[in-house]
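*Asks:* Got a structure here, written out as structure tokens. Questions coming.
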Ligand code: CTP
Ligand code: CA
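Numbering (full-length UniProt numbering), first residue to last: 182 to 409.
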């Protein structure tokens with residue numbers, strides 16, 4: 182009912198959204214990942230579709246249903262997310278980077294499971310050292326396109342929220358960043374957001390406190406519709 186009543190603020194607009202964590206394999210049975218339930222990004226995708234947008238959602242490994250009317254592309258690693266996003270980005274009006282992308286990956290993925298006990302030899306006590314390589318910054322790459330979509334970043338910080346988020350916004354060259362305090366928000370159904378652009382800050386929910394992620398996503402989409 183709410184979806185039906187929602188004003189179609191984004192009719193004719195194409196939104197590209199990343200959500201969830203990425204998973205960086207070490208071998209066929211192990212990997213490195215980030216904390217992210219994907220709930221905020223999926224709520225934004227749902228709110229955008231309710232508002233009439235054409236939504237493409239690039240999702241890392243999460244256990245969430247695809248919102249109605251949303252086109253979903255599933256990926257695992259940061260490189261796969263990059264490869265899915267970059268060719269699509271020039272064809273969208275806005276890019277919302279809600280994913281918790283792993284900053285580094287194992288430099289090599291082993292074809293076979295690393296073994297603690299192999300060929301009768303017990304290797305216990307000899308832990309492997311895993312060399313790491315840096316992943317591409319998807320948001321910064323999209324923001325650097327010749328004609329970028331309107332780019333929205335997220336910043337989960339554990340301290341100095343506004344200061345760190347604003348520094349991140351400038352560093353990535355994006356018009357808007359959405360800051361939230363972690364790790365308290367991870368996996369929860371509610372959140373509190375701080376929107377920061379070149380003019381200043383705005384809190385959601387407006388009245389302070391916390392709100393459920395879908396309400397926040399709808400408020401965020403209403404805000405975004407004025408920027409596009
Ligand atoms: N991001 C991205 N690709 C990456 C890393 C981050 O697209 N490889 C995006 C995230 O989706 C988020 C924003 O960039 O919208 C900020 O991510 P964050 O991890 O907070 O920033 P970093 O620049 O990686 O800095 P740090 O982790 O050191 O705080
Ligand atoms: Ca990071």
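Even for Gly, the Cβ is constructed at its ideal location relative to N, Cα and C.
For ligand 2, which residues count as neighbours when the test is a C-beta closer than 7 Å to any heavy atom?
*Replies:* 282, 284
*Asks:* Given the structure, does residue 214 come close to ligand 1, in the sense that its CB is under 7 Å from one of the ligand's heavy atoms?
*Replies:* no
*Asks:* Just mark residue 284 as buried or exposed, buried being the case when its beta carbon has 16 or more other beta carbons within 10 Å.
*Replies:* exposed
*Asks:* Let me know the beta strand (DSSP E) ranges lying completely inside the region 321-374, each 3 residues or longer, listed in chain order.
*Replies:* Within the region 321-374, the complete beta strand (DSSP E) runs of at least 3 residues are 331-338, 357-362.
*Asks:* Between residue 204 and residue 257, is the Cβ-Cβ spacing less than 8 Å?
*Replies:* yes
*Asks:* Relative to the alpha-carbon of residue 321, which residue among 249, 214, 263, 244 has its alpha-carbon at the smallest distance?
*Replies:* 263
*Asks:* Return the CA-CA distance between residue 370 and residue 325, expressed in angstroms with no decimal places.
*Replies:* The alpha-carbon of residue 370 is positioned some 33 Å away from that of residue 325.
*Asks:* Taking the beta strand (DSSP E) that residue 197 falls in, what are its first and last residues?
*Replies:* In the DSSP assignment, residue 197 falls within the unbroken beta strand (DSSP E) covering 195-200.
*Asks:* Quick check: residue 311 and residue 327, are their CB atoms within less than 8 Å of each other?
*Replies:* no
*Asks:* Since I believe residue 330 is in contact with residue 323 (beta carbons under 8 Å), could you give me their beta-carbon distance rounded to a whole number of angstroms?
*Replies:* 7 Å
*Asks:* Say yes only if the C-beta of residue 316 is nearer than 7 Å to one or more non-hydrogen atoms of ligand 1, and no if none qualify.
*Replies:* At least one heavy atom of ligand 1 lies closer than 7 Å to the C-beta of residue 316.
*Asks:* Measuring CB to CB, does residue 223 end up less than 8 Å from residue 245?
*Replies:* yes
*Asks:* Counting C-beta neighbours from all protein chains within 10 Å, is the total for residue 348 16 or more, i.e. buried, or is it exposed?
*Replies:* exposed
*Asks:* Taking a contact to mean a Cβ-Cβ separation below 8 Å, would you say residue 319 touches residue 277 in this structure?
*Replies:* no
*Asks:* Give a single yes or no on whether residue 226 has its beta carbon closer than 7 Å to a heavy atom of ligand 1.
*Replies:* no
*Asks:* If we count the other Cβ atoms within 10 Å of its Cβ and call it buried at 16 or more, is residue 292 buried or exposed?
*Replies:* Taking a 10 Å sphere around the C-beta of residue 292, we find fewer than 16 other C-beta atoms and assign the residue as exposed.
*Asks:* Report yes if the CB atom of residue 208 is closer than 8 Å to the CB atom of residue 267, and no otherwise.
*Replies:* Going by beta carbons, residue 208 and residue 267 fall outside the 8 Å limit.
*Asks:* Which residue from 235, 211, 214, 199 puts its Cα closest to that of residue 193?
*Replies:* 235
*Asks:* Can you give the Cα-Cα distance for residue 385 and residue 254, rounded to whole angstroms?
*Replies:* Straight across, the Cα-Cα distance linking residue 385 with residue 254 is about 29 Å.
*Asks:* Only counting runs of 3 or more residues, tell me where the beta strand (DSSP E) segments fall wholly within the region 216-245, in order along the chain.
*Replies:* Taking only runs of at least 3 residues, the beta strand (DSSP E) segments lying wholly in the region 216-245 are 235-240.
*Asks:* Assuming the contact rule is C-beta atoms closer than 8 Å, residue 343 and residue 375 should be a hit. Round their C-beta distance to whole Å, please.
*Replies:* 6 Å
*Asks:* If we ignore side chains and look at the alpha-carbon of each, how far apart do residue 391 and residue 297 end up?
*Replies:* 46 Å
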